[in-house]
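Report on the structure given below.
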Amino acid sequence: MVYNRKNKHICFISAGLAGGGMEKSLTNIANYAALQGHRVTIFNLFTTEVFFDLHPSIKVIWPSIDRQKYHRLVYALKLLPYIRRGLRELNPDTVLSFGEWFNGYVLLATRFSGIPVFVTDRMGPLLDIGPLLETARKFLYKYADGIVAQTKVAAEILYNKTGATKIKIIPNALSPVDTETSLKKNQIVTVGRLSREKGHVTLLEAFAKIKNKDWTLHIVGDGKEKANLMKLCKDSGIESRVFFTDI
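Per the numbering used here, the very first residue in the sequence shown carries number 988; after that it's consecutive.
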């Protein structure tokens, strides 16, 4: 691919590229940028599988640090020079960091680098990420060149938590669906990690109140809450209409 001066080198920073909503959003944007002729690099903080298809021009970088050899705190500290050194070598026009778990590390590692850094929070704004990361977010987000929130509520909470003002609301992109050929059924489908912050308990409680028993609920995903959710289905008398599918 031939790049011209109008094209930019965009570096996405992610925990990894396994299956997940954040990873899907990242790869969608990265693929779109690559299709527009931009030079795209995905800089990963952990070694994972690559779940989603990537445009062939996208460069993917994995850490040489062996995660299994270090305590998570030690590994986190080793990420700082890894990020700073890697970005210095790549010298991108801009950086977009995905995920509140590591946005603070990215902002700290890129201080005084001269590279514009944008961060985006992808989970619920009230999710407890721990005192250390909350403190890092409070003091470091103001140094971001821009912050992406997915909803107005998330933007307001983020502002109240950090005082950062460069916040833009950009919802997740939606892929077009061919409604002409889609088969209509009385089904509700949810796809995502089975963890507390995803709200499956609320979904099941609401589904149990549906009077029309012709509807079924399909929960696609894995996670530590699966056993609890299956028990809730049984206790609520809806286990015959709720189906769990592993990814």
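Each residue gets a CB set at the ideal place from its N, CA and C atoms; glycine is no exception.
Rounded to the nearest angstrom, what separates residue i and residue j at their Cα positions?
i: Lys-993; j: Gly-1024; result: 9 angstroms
i: Leu-1094; j: Cys-998; result: 14 angstroms
i: Ile-1197; j: Val-1229; result: 13 angstroms
i: Asn-1215; j: Val-1188; result: 9 angstroms
i: Thr-1149; j: Pro-1112; result: 12 angstroms
i: Leu-1022; j: Lys-995; result: 12 angstroms
i: Val-1140; j: Ile-1052; result: 37 angstroms
i: Lys-1200; j: Ser-1223; result: 13 angstroms
i: Gly-1086; j: Asp-1040; result: 20 angstroms
i: Arg-1183; j: Ile-1116; result: 13 angstroms
i: Val-1037; j: Leu-1181; result: 20 angstroms
i: Ala-1020; j: Ala-1160; result: 14 angstroms
i: Gln-1137; j: Pro-1158; result: 4 angstroms
i: Phe-1194; j: Arg-1071; result: 48 angstroms
i: Ser-1012; j: Leu-1114; result: 19 angstroms
i: Asp-1233; j: Gly-1008; result: 15 angstroms
i: Lys-1211; j: Pro-1068; result: 33 angstroms
i: Asp-1108; j: Glu-1226; result: 34 angstroms
Let me know the secondary structure DSSP gives residue i once reduced to three states.
i: Arg-1054; result: helix
i: Phe-1231; result: strand
i: Ala-1160; result: coil
i: Ser-1001; result: strand
i: Met-988; result: Confidence in Met-988 is poor, its pLDDT being 49 and thus under 50, which makes the residue's placement unreliable; the coordinate value appears in the next sentence. The answer is coil: DSSP assigns Met-988 none of H, G, I, E or B.
i: His-1205; result: strand
i: Asn-1173; result: coil
i: Asn-1199; result: coil
i: Phe-1033; result: coil
i: Arg-1026; result: strand
i: Lys-1155; result: strand
Tell me which same chain residues have a C-beta within less than 7 angstroms of the C-beta of residue i, skipping the five on either side of it?
i: Thr-1035; result: Gly-1003, Leu-1004 and Ala-1005
i: Val-989; result: Any reading at Val-989 must be qualified, since the residue scores a pLDDT of 48, below 50, and its modelled position is unreliable; the value itself is stated next. None.
i: Leu-1219; result: Val-1188 and Leu-1191
i: Lys-1129; result: Thr-1149, Gly-1150 and Ala-1151
i: Gly-1208; result: Val-1178, Gly-1179, Arg-1180, Leu-1181 and Ile-1234
Could you check if residue i belongs to the surroundings of the ligand NAP, using beta carbon to heavy atom distance under 7 angstroms?
i: Thr-1014; result: The ligand content of the structure shown is nil, which means the ligand NAP is not present either.
So residue i is in the alpha helix (DSSP H); what residue range does that whole segment cover?
i: Gly-1133; result: Element bounds for Gly-1133: not the alpha helix (DSSP H) but the beta strand (DSSP E), 1133-1136.
i: Thr-1149; result: 1139-1149
i: Pro-1068; result: 1059-1077
i: Lys-1185; result: Element bounds for Lys-1185: n/a, residue is neither H nor E.
Which same chain residues, not among the five before or five after residue i, have their C-beta less than 8 angstroms away from its C-beta?
i: Arg-1054; result: Phe-1033, Thr-1034 and Tyr-1062
i: Leu-1074; result: Cys-998, Phe-1030, Val-1082, Ala-1096, Thr-1097, Ser-1100 and Ile-1102
Could you pull out every residue in the same chain whose Cβ sits closer than 6 angstroms to the Cβ of residue i, ignoring the five residues on either side in sequence?
i: Val-1106; result: Ser-1084, Asn-1090, Ala-1131 and Ile-1134
i: Lys-1185; result: Gly-1179
i: Val-1027; result: Ile-997, Ala-1017, Ala-1020, Ala-1021 and Ile-1045
i: Phe-1231; result: Ile-1206
i: Glu-1238; result: Residue 1238 falls outside the range modelled here, since the chain spans only 988 to 1234, and no answer is possible.
In the DSSP assignment, find the beta strand (DSSP E) that holds residue i and state where it starts and stops.
i: Lys-995; result: Where Lys-995 is concerned, there is no enclosing beta strand (DSSP E), given that its DSSP letter is neither H nor E.
i: Ile-1102; result: Looking at the DSSP string, Ile-1102 is not in any beta strand (DSSP E), and its letter there is neither H nor E.
i: Phe-1085; result: 1081-1085
i: Ile-1048; result: 1046-1048
request  = Would you check if there are 3 or more beta carbon pairs closer than 8 angstroms linking the stretch 1075-1085 to the stretch 1053-1066?
outcome  = Contact fails: fewer than three Cβ-Cβ distances are below 8 angstroms.
request  = Examine the Cβ distances between the stretch 1198-1206 and the stretch 1168-1188 and report whether three or more of them are shorter than 8 angstroms.
outcome  = In short, these stretches touch, since the Cβ pair count reaches three.
query = On the three-pair Cβ rule with 8 angstroms, is the stretch 1047-1056 touching the stretch 1100-1109?
reply = Contact fails: fewer than three Cβ-Cβ distances are below 8 angstroms.
inquiry  = Is it the case that the stretch 1118-1128 contacts the stretch 1158-1167, given that we only count it when at least three CB pairs across the two stretches are under 8 angstroms?
reply    = For the pair of segments examined, the stretch 1158-1167 was found not to touch the stretch 1118-1128: the number of CB pairs separated by less than 8 angstroms stays below three.
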